[in-house]
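Since the structure comes first, as structure tokens, the remarks are kept for the end.
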Amino acid sequence: MNVKINTEVLELFIYYWQATADREKVSDIFLSELASRKELKVLFNDEFTSDSIRKVLSSITNREILSVKTKAEGRFWNNNMWVLEDLGITMGMMTPIKQLNGEQFESLVDKDLTINFIPGHLETYYWADNQLFINFFKLATDFETGEVKIEGKSLEEYIKELLNSK
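Residue numbering for the sequence shown follows my numbering, starting at 780 and increasing by one per position.
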């Protein structure tokens, strides 16, 4: 079985975060297209939609207050603001993701699988069809070792546990 690592949405968010940190204007068209990405649909519910993503990202890039928000929108806003505080840490968290090799997980699955890394809001991970979605905002750097962890485990260990529990 084939396991693919998908970071496309995360790469688009990195562009957004860098442009916003550099005080560049990010177009509404880009924000709308980003918010409409199929990989983000797993986040959607009655209180969080593609318009929620667009609204939150627009308020951040335009330096406007997000006054009316749901719990998920507020968490998404906070997570994005946290990333903008130190892009160095964010970029450091990208390295282990980019170094992941899907082949190391193939023995744990019985059908093709895509592991997506997305900026989420409330949950640490989501399953949909043959896809695992991991919330990038739940990763943390262990400042003593420099290792990126999720829920206290290495990224590889965490993914293996999720695949074994499926």
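Note that CB positions come from ideal geometry on N, CA and C, so glycine has one too.
Beta-carbon gap between residue 875 and residue 792 smaller than 8 Å: no
Residue 827, DSSP secondary structure in three states: strand
Secondary structure, alpha helix (DSSP H): runs of 4+ residues fully inside the stretch 792–855: 807–814, 829–840
Short Cβ contact (8 Å threshold) for residue 781 with residue 885: yes
For residue 912, the residue or residues it bridges with in DSSP: 895, 905
Exposure of residue 851, with buried meaning 16 or more beta-carbon neighbours within 10 Å: buried
Cβ distance (whole Å) where residue 868 is taken to contact residue 920 below 8 Å: 6 Å
At least three beta-carbon pairs within less than 8 Å, the stretch 844–860 to the stretch 803–811: no
Element boundaries [beta strand (DSSP E), containing residue 920]: 918–920
Assumed close pair residue 858, residue 916 - CB separation to whole angstroms, cut-off 8 Å: 4 Å
Classification of residue 983 by the beta-carbon crowding that lies within 10 angstroms, buried from 16 upward: Outside the shown range of the chain (780 to 945) lies residue 983, about which nothing can therefore be said.
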